[in-house]
Structures are given as structure tokens and as C-alpha cells.
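Residue numbers (the working numbering), protein chains in the order written: chain A, 1 to 140; chain B, 1001 to 1316; chain C, 2001 to 2565; chain D, 3001 to 3330. Yeah, the Cβ is synthetic: ideal placement off N, Cα and C, and Gly gets one too.
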């Protein structure tokens, strides 16, 4: 997380809502910062928190999980589990000094292309601000 | 009490009620006990009990998982919760375990004891004090001075249904500090300072896996860290690798950690692991009103949800 | 493990990708990735030319994994999978990388960064493809009956179309009568025939067809299941019904512009539909009528255009004018939406008849003058550049159709999305316009967006034709993205069983004597929740395994990771 | 022999630090041998470090080389090597002996350059053990003298407010020479007498006779299979090689490994010749008392007692030695 480099942000998006929302942002030609990489999963509940931990520990600057709004899950209840996991994981990460901005869970529906663009823009900005503050780690 | 225990175990073994019994025996020095497996009636003399029996023997129940017979063991109140969790996690059947509850009134922190006295031969609990025998002399020391940190938050020994109880199981109530005080102290630090704190801890980790291997809740057939595909964790021990290890492990403690404190006790390089797992415990309790090891019927927090989790989400 | 031979096809999508991302550079990059034996750029990978190139290269280079970097898997995955299959490659050995929606289209002004991003997305896709495994799809039966929700012109058309193909249909209507919104309409644009002329044969048709069961005054209360086997609860019906497909034809309703232009307090301010109710009884002797278009549409509250309200306003203006040629009729509009030959001709006809069209400025809207009822209308006439006062014995507000109030409830029940305006949202505007992303659920008519009769009927035909396909085939293939448990690793804790929303997991005794998880593939819907709940990765998901996802993370992290290693 | 006042030690070490990287016992959660910038960071009130000094010569994680693929070639960039010569202060005689044992391993038929570079580039200042020793110490039972200068370049032995200074090598002389004014000659016979017990005679044969004994299974029931005993053992030296990165570029690391781990001997095909804890526990003690002596002519244990002190379940190597000595056949 060297300050002068551009951040890399991993985004998990559920197939039914958020990935479709991301597609809609594309179809609508909404511009946003190019630092995120969307990985498609069928449901946000597929994302093991271990992925988040591993990604952050491997040097990625942020991880975002996007899912259907609660109540709208294609599989009825997947995002309820996601929400619990995310609540706890965030606490755990923060406890060891990983800023809450680096791991975020957001709800984005298939029609919310604009919200997707806005979310990515917002989170990228937050993470860039953090990276500017952080000291580069010593060479090891 | 030791005699009573020995008699119970002798009877259980001689009646064929259990295949073996897991208890504490004397180690090479008086201060070092060690777990022991008693298989025959005549071995029961080896069984001992003192405030120097830290081991959570429920860990050894992993060994009986694939068998068919019954096993007996002695547990302190804190360790009893491990049995609840093992039953809940479908690792053992309650009826296959004969549980002897032992009314622990606090365990001695060996490091504190060794700092305070040299040449200690025996320690015994008595009311609010420990009686420490050094040579001919017996010192009476306030418990607070020698207790293991986790014993200050002893609170659950009575919730369990024991098969035998040697005396009255009651929590040791000590001090007014919150059991989460050490966690809260960290929480008050700015995020950068917390990062620096844990980085220094993780940097020291030698990844001997003692914390994992001693944990009653680590009953996976094969640990995720041993997986070659995917490789969750490299064998290298950079601070980030070690952070991966500790965070994933802490994640796996969600809803399972009963604060037996064994991980922290066995860490050779003194990483304050309870401050990590207590954080998880605290959040599980506060967010989802769940405590591990209380009742077998309860559904763990990460495999259940409430519609009104939304309220939590919005308030956090 | 046979050596991986990965082929990468990078699509220009004409200028859509190629105009931003430097495709030749990306192809060159892809060629150097581990295990990639072939890479090429393609003008349109989805064209017949592009697809046959993929098929040829699979054979020529012995490719055993194929990566296409182009648009979104949500619309094109099946196409490319089919191409792989046609070339003899298992369809699950294909990996999709989205460099259009997720790259070129959203970074149009940053070609350098978009090119780098495309590379890293492809690197991730290639890394994942290495770990893809061939899969077999499970076939599941489709119950050959359909549920149609809503018995307006759309729903009845769809129901009849299915029934005519010999399929049984359950037609559910909330109201006590069939007909929906159309039953409130007077005459039709542009023919001026009675709405009844359209409606009555449809009503008779569904009533008399032996394969159509009608549930009047009923609503859908609960839906469970997936394509081929939905279980539906309907109010006032005791037994659950079982259907293979569902068509949403719930229509829309006219906006009642409460609080605008004196509505509904002033008795002579009506909506178009209320006017039609009056017109059914004959044209009153109104001497002056002012219609205000775009009330509640194309503004901050509701950004969309009602699409045919202009037609309605013109139709009713002409009907009044024909009944009473002396009447002064003004249509105040923002724009006249009269596209196409018929509407344009109709528009000219209205003007020739003497209907006056005045354009108003939405930032300076018309005002109603009058105390207890409308007397006159004051409007800033944009063309002559000053305010004019128009006599108004009757004021008619032209409002758009708006979504049904309970769309949200139904969308949750069916697990299908709503768009931002509250109408149902189709899987793809152009490629899958009458289907939801959820298999086996279709939509048509004004449930999707305000549609006139012609559109509604065509969509009803389309949706029913689409729905008939799986029902006629009798089986659907279930995508092989189901979960499976690895016996060697499973510790039998049962987390997977507790989180599975479909009851697809159970514990069974295994060889080593312990209990281990077992997944019923037929019941598993592939959400992967159980995989994330499994502490040590004993549970996995086909196509989304821990290994496959982790390798993507690693591919992404490589090169960006801090100097620590 | 010389002496130095304890109050002068800091001054001497600070001078040494100008020419060398100095490592010594410092507090980092627990006592560890760490790089120190000034002698203030050193601690003296310690029996021994938790992690033995082997990690300065065989680091737990060591990058051997970096590799990358370029234009059809694989390019290797070697790593390792010392930037500056080092001084390790405060090593105990048992650990000094352990390095002599590791030398046999890493400087045998094939020289391990990574190890040797560090070994040659490090001057050892030993510190004789205090009396009484730590309760888990038993070096004397293995024939090691806790006051012996064997294996170090300089040995300091506490004498009230002074240290007795034994310089045994030229390298040691290089550290003392430039600071002659801090050192004073010692009187005859000032060196306290060490003790040296009998080494465990015949233990190799005895343990060999117990190969099939039920004792190992008994022991393994208590053993958790963690890596404490091996990682903290000054003579255990097993490692694994691992590549981090992709096939395009990455680094090769050597990392400690432990024969106590279940996957230590697991082969690619899944077969594991030491499938249960019994075989793994047995392996460790056979290695210390049978295989190592067979191969190198000396017992593989130095009696530091770390494994006994830190075993999570209180397994004590002395119990095992006693058991073997009592029950094993010659």
C-alpha cells in the first residue's frame, strides 16, 4: 500500500442484482474510477470472509461485497447471512487496524446502475485517501 | 476431592461405563501437571487436582469422534462450555461423554507465580487465597495476585448438566472490571495504533500452530491452512502472512470461542490472543445476543439470521 | 491432470471495446499468460464469424479451456458455451471476462487505464479457467402448466396463446371482472372502435377455453420453487397449484394527480380515463376543453414519458370535437409524442379538425383560474412569447400509467427485480425483453412499462411463446453450478445444512463412520451460501470453488502486492 | 583471561556496534535474540531466549532467489547474504553447542551457502549460565557444561560486578583488542568450576529397542501435533521449500517445517508414511537420540529444556529420556 500507487479494489457482485446493476452502469456509460475489478458470484453469500482477509493480506487495497437488497435475494435469504458475516468481519478487521473503508458491503439492485457507479466512485475515493495517509511498509 | 474423583473414575472403569478417563496427572515438577489417560482402575492414583491444571481436556474429545464407546473426563466450569459446543457442532454425542465437574476456584498463572516465588512445591486454593508451599513455609497469597487473567471473567460454570460434581460448581467472582476491558482498551486506540499494536504481535508469531492445535473448537478434518489448493496461507511468515493466519483463525472462532484461554496460555511468544478472540466474542454477544457454549439447542450466529439485523446494520 | 491449453479471444465489439481498450496490446499480453497457447482479437466475438473462429481454434490448437473477453455473461454466456460445446469442448470449460460493461463503457475517457484493467481482468479469468472442470448438467422436469398473473388484455392474450398450444393455464385476476384497465377505456386509438370489440372476444375466449382456469377476485399469495416446478398459493384457493412457468401481466394504473391543477377538488378537472368514462355516455355540450399533458410525467417525481398519453389526449380531443365541432379544444403539451406514420397522420388530423396545440414550459406550468371550479387556464405560450388565457369549461389532465402499488410485494415473491420507477425489470432490454433473469418467469405489457394495446398484445405473444418452450420440451437443464461436499474434508458440523434455503443438504453416514454432508443436486440452486459457511472448504460449488475464486484474487494481487514479499 | 566491569559492558558493546550489527537478548513480548541499536535494549535477566538463536542462521522464512520468465528464459536473482558482519551477544552454552550441531548438518558433504554465510559472518559472545538454572534445564545430563566456552568466540561469566572474559578465537580478539582499556587481567582460578554430568550412555540402542513400544502411542495421545517443540528446539532444522508468485515470476522461500505436523511427510499422491501421531512423536525422539548420533556421532539434544517448558500439554522430554533409559534394552 505504497502511497503513490493506484489502489486495487476487489468487488464481489452477486449475479442477480449487483452484477446486473454493474452491467447497467456500463450500458448507461456511467464513468467511474478504473481501480475496481468485479468478480461475479451467484449470491453475495458465496463470498467467504476468508476471501476478504486473504485479499487484504495479499496487498489489495479494498474489498467490496455487493448484494441484492435485503428481502430481494434471488435465493431468499443469502444476503441475510452476508450481512451478519460482514458486520462481524468489519469489526474484526477494524480491531486489528484495517480501516473500515477497506471492506464494505453495499446493496445494489439490478436497476441501480447509477448507484453502482456512485458506490465505486465513493469507495475508491475513500481508499485513495487512506492510502495517501498510510506509510509504505518497510521492505522485508 | 482428589480421592473422591479417583473413586468415581475407578468405579466407572470397573463397571465398564467408560473406555477411558481423561484427567490431570503430576508432571516432572510439582508445578507442571499434564493431561493423562486412565484406562484401568489401578491407574486412578495418578489423578490429581490443583489450581495448576490449566488444560481444557475437552480438546481430547476429538479423539473419540469416530469411535463408538464412552469416555469420561474432568472439566472445570469454563471447559464445560466446550462440551456444549462439541455437541452442537455434531462432533460428539452428549450421552457418550461422562462429565465430572470440578469446582475450580481459579487457576494460577504460572508466570505470575514464578515471578513471586522461587522453588514452589505446591499450590492450593483456599477461599480468597492461594496457599503456596515453598520448602517448609506456606505463604497465603491473595488470589488476585496469582490468578490467570481469564479467571477474572469466570461466569458460566453452572449452566452445564454434569454427570458428577465434586462439590459445588460456582463462578469465581473477582474484580469489577468488564471481561472485555482489555479489548475495550484497544478499541479506544486510533486505528493506526491498533494496526501497529497487532503488527508487532503478528510479527513475532512463529506459526507453530499451538494456538490452533490446543483449541477444542478446531476440529476440522483438515485445517484450511493445510489446504494446498487453494493455498489460503503461504508457509512464509511475513507479518501479512501471519495476519492472514490470525484473522482467519479468529473468524473461525466466531460463535465458538468459550474463552478457555488455552491459546494465549500456550503461545510461546506471548501473543495476547484473547484480545483478538474476546473481540469476536464481544461482538457476537452484542450484535447477535449469542454466547457460545450455553445451550445445545441454540443455533450459532453465522448460520442463522434475524430480519431485524437491519437495525444492527444501520446502527453500526 | 492434462496440460492446460488455454485460448483467449478478445472482442473489439466494433468500437464498443476497441474504441477504448487497445485490444491488440491486450491480446499480446494474454498470449504471454501462463498456459495460454493461443490468443486473438475478434471484431465481434458473438458474430457467426467470431464463433466459428473460436470453434476452429479449439480444434486447431487443441484448446481445452476457452476465455472470451467481451461483454456480460448475463446475456452472452450461453452463446459462447454453445460454441465450445459444438467444437467438442465441455461447455463448462469456458470462462467469461467482461471488458465492455465493466471496462470500456465505464472508462471511455481513460484508454490507458481501461487497457490495463482489461489485462488484469483477463489475467484473472485465465487464472480461473485453469481450474475449470468439465461438468454435467442435471435435467429436471417442467410441469406443463402456466400461471398468468393479471387478466387484462395482456394476460388474457398470453393465457389464450398458451391454451391454444394445448397447455393448461391458471389465470389469476385481482378484480371481480376480467379485462383490466382496458375495460375502463371508451374507444381505441386510432380506429375509434369500442374497446369492448377487442375485449369481449378475449373474455369469451378465456372463459370458454377448457384449458384456462380463471381465479377472479384472487391474488397470488406465495410462490416457491424454480422453473419447471413452482408451487403457488392463491388467495381463496385451498390447494397449492403447481406450475412450470409464470407470466407476469399485472399491468399498470393511471396516475391520479392528487393535489395538482385542482384535482380532485374541482369537479370539472378530470383525468383522461375519467373523461373516457363520461364519453361512454356521449359527448357533453362542452364549449371549451383544455387538456394538460405530461401531468406527473417527465419531471422530478417521475422521469419517464407515458409513451401513449399524447395519443389518448388527441383521441379524446377528436372525439369531443367530432361530437361538438364548435367546442374550443386546447392541448397544452411539452412535446407531442406522435411518432410513426399513423400517429403523425392522426396528429395532423386533429390539428385540421381545429384542436389547438400549445406548448408550455414545464418550469412555468399552466395555472387554473377559478375558485371552486376551473374557469380559465392561464398559460405562457412559448411560441408567441406571452401569457394567454384560455376558457376552460372542462380541464382534462393527461397522466402516465404508473406501477401497481403491490409490485414490490410480487417482485419479492418471485425474486425478480423492479426498475427504479417501480415497473418490473426485464433480463435485457434488447436480448431478453420479455424474460426475467430468473428462469421460468416472464413479463409482458404495462407491468414492464406503459404499453399500448398493440405492444401489450405482441409482448403477450412473445412471453407466452417463450414460456411455452420449456413446457413443450418437458425438461430444462439445470446449470451445473451446484454445491458438493468433499467427504474426506467434511467434519459433519452441519453448518451447510443450517444455511441452505432449499433444504438441499443432509448429513449421511460415510465410510469412515462419521456423518458428512451430502448435497441433493436436484434441490441445490447454486447460491453457494453453504460453501462460505463451511469452515475448512469441504463444501464447494461447481464453477465457483474456493480454488477458482482464490486464484482470481491471487492473480489480481500479484504485482500489486506491497513490497513485503 | 580478562575481566570487564559490568558497568563497562554497555560501552564495549556500543563500540562493537559501530562495526557490526549487534544481536542480543531483547524484550519483544518475550525474550528474543533481536537486532539492537544500543546496549540499552539488551536484557540480562533471562534464562534463555524463547526462540533459539538458530533463526539468525536458518531464518524461519528465507528468500533463496527470485525468478521471472522473460522472452523464453527463466531469470534467477539470488538472494541472501549479509550486508554487515554480525555479533551475537548473550548466547548460552547449550545454544552454542546447538550451532556446532547445525554446522554438521549444513556444512557436511554439501555446504549450505545460505547458512554458512551467516555463520561465518557472525561472532558469538556467549554468556555462561546463571545458577541455579531454569527448572527445565538439563544440559549437564547431556554432557554440556553451562560454563563452557565451547563454540563461542568470547565467553562472559558473571563474577559479582564483573564478567570474566574468555576469548577463544581470533575473531573474538578482534572485538576485545580495540577496547583494551576496558579489560583487566583476571586472577588465577577466578573461573567458577562448571559441572558436567554423564551423557546418556547407550540411549541410542535403548531407544532403538523401543521402536514398537506402546509408549509412543501413549505419548501421542497427549501430543497435539503442534510445532512448539520443533520450532523452539535449537537443533531442529527441518525446512520446506515454497514458491510464492506465479509461473511468470515469484520467489522461492525456505521456511521452517516440523515433523510434528501431520502433512510433513505427506506425499503428492496423498500417501503419508507417518500417518498418525504415534509415528510422528516417535520420529522426533528417535531423531534426537538415534538418527542424529548415528549420522553425526553426537546426541541431537542439547538439554535447553525449551520443549518441556513450552509444550502446550506439558509433555516433558526428561520424562521420555528417563522412560527410555529405564525400559530400553541395551
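Going by DSSP, what residue range makes up the beta strand (DSSP E) through residue i?
i                       : result
residue 26 of chain A   : First-last for residue 26 of chain A: 18 to 27, but that is the alpha helix (DSSP H), not the beta strand (DSSP E).
residue 127 of chain A  : Residue 127 of chain A -> not in any beta strand (DSSP E); alpha helix (DSSP H) instead, spanning 113 to 133.
residue 3303 of chain D : Looking at the DSSP string, residue 3303 of chain D is not in any beta strand (DSSP E), and its letter there is neither H nor E.
Does DSSP put residue i in a helix, in a strand, or in coil?
i                       : result
residue 36 of chain A   : strand
residue 3113 of chain D : helix
residue 2178 of chain C : coil
residue 1007 of chain B : helix
residue 3046 of chain D : coil
residue 3236 of chain D : coil
residue 1227 of chain B : coil
residue 1017 of chain B : coil
residue 3157 of chain D : strand
residue 3264 of chain D : coil
residue 3012 of chain D : helix
residue 3005 of chain D : strand
residue 2435 of chain C : strand
residue 2557 of chain C : helix
residue 1056 of chain B : coil
residue 2563 of chain C : Residue placement at residue 2563 of chain C cannot be trusted, given a pLDDT of 35 that sits under 50; what the coordinates show is reported in the next sentence. Here residue 2563 of chain C sits in coil by DSSP.
residue 3329 of chain D : coil
residue 3184 of chain D : strand
residue 3139 of chain D : helix
With a Cβ-Cβ cutoff of 8 Å, do residue i and residue j count as a contact?
i                       : j                       : result
residue 1050 of chain B : residue 1033 of chain B : yes
residue 2539 of chain C : residue 2527 of chain C : no
residue 3301 of chain D : residue 3228 of chain D : no
residue 3042 of chain D : residue 3066 of chain D : no
residue 91 of chain A   : residue 126 of chain A  : no
residue 2252 of chain C : residue 2401 of chain C : yes
residue 3208 of chain D : residue 3290 of chain D : yes
residue 2100 of chain C : residue 2064 of chain C : no
Give me whichever residues DSSP pairs with residue i in a beta bridge.
i                       : result
residue 2367 of chain C : C:2378
residue 1122 of chain B : B:1133
residue 2391 of chain C : C:2376
residue 1982 of chain C : Here chain C comprises residues numbered 2001 to 2565, so residue 1982 of chain C is not present and cannot be evaluated.
residue 1289 of chain B : For residue 1289 of chain B, which the question treats as bridged, DSSP gives no partner whatsoever.
residue 3243 of chain D : D:3252
residue 2252 of chain C : C:2403
Following the continuous alpha helix (DSSP H) through residue i, name the residue where it begins and the one where it ends.
i                       : result
residue 1202 of chain B : 1191 to 1204
residue 3166 of chain D : From DSSP, residue 3166 of chain D is part of no alpha helix (DSSP H) but of the beta strand (DSSP E) over 3162 to 3167.
Please list the partners that residue i has in chain G, where partner means a Cβ-to-Cβ separation under 7 Å.
i                       : result
residue 1065 of chain B : Absence of chain G from the displayed structure is noted, the protein chains being A, B, C and D.
Which residues, in chain order, does the segment 3238 to 3272 of chain D contribute to contact with chain C at a C-beta distance below 7 Å? Result list: 3244, 3245, 3246, 3247, 3248, 3251.
In chain order, what residues of the segment 2535 to 2551 of chain C put their CB closer than 9 Å to some CB of chain B? Answer in chain order: 2535, 2536, 2537, 2538, 2545, 2546, 2547, 2548, 2549, 2550, 2551.
Please identify, using Cβ separations under 9 Å, the residues of the segment 2092 to 2106 of chain C that lie next to chain A, in order along the chain. Listed in sequence order: 2096, 2098, 2100, 2101, 2102, 2103, 2104, 2105, 2106.
When Cβ atoms are compared, which residues of the segment 1018 to 1038 of chain B fall closer than 7 Å to chain D? Going along the segment 1018 to 1038 of chain B in chain order, one finds 1027, 1028, 1029, 1032, 1033, 1034, 1035, 1037 with a Cβ nearer than 7 Å to chain D.
Near-chain B residues of the segment 11 to 30 of chain A - C-beta to any C-beta below 8 Å: For the segment 11 to 30 of chain A, which is checked against every Cβ of chain B, not one residue is closer than 8 Å.
Contact list for the segment 1236 to 1267 of chain B against chain C, Cβ threshold 8 Å: Cβ proximity to chain C below 8 Å picks out 1236, 1238, 1239, 1240, 1252 from the segment 1236 to 1267 of chain B.
Scan the segment 1204 to 1223 of chain B for residues whose Cβ lies nearer than 7 Å to a Cβ of chain D and list them as they occur along the chain. Across the segment 1204 to 1223 of chain B, CB contacts with chain D closer than 7 Å involve 1204, 1206, 1208, 1209, 1210, 1213, 1214, in sequence order along the chain.
For the segment 1073 to 1101 of chain B, list every residue whose C-beta sits within 8 Å of some C-beta in chain C, in sequence order. So the close ones are 1089, 1090, 1091.
Please list, in chain order, the residues of the segment 3159 to 3192 of chain D that have any C-beta partner in chain B closer than 7 Å. Listed in chain order, the positions of the segment 3159 to 3192 of chain D with a beta carbon within less than 7 Å of a beta carbon of chain B would be empty, since no residue qualifies.
By the 8 Å beta-carbon criterion, what residues does the segment 2493 to 2521 of chain C contribute toward chain B? Those would be 2493, 2494, 2495, 2498, 2499, 2507, 2512, 2513, 2514, 2515, in chain order.
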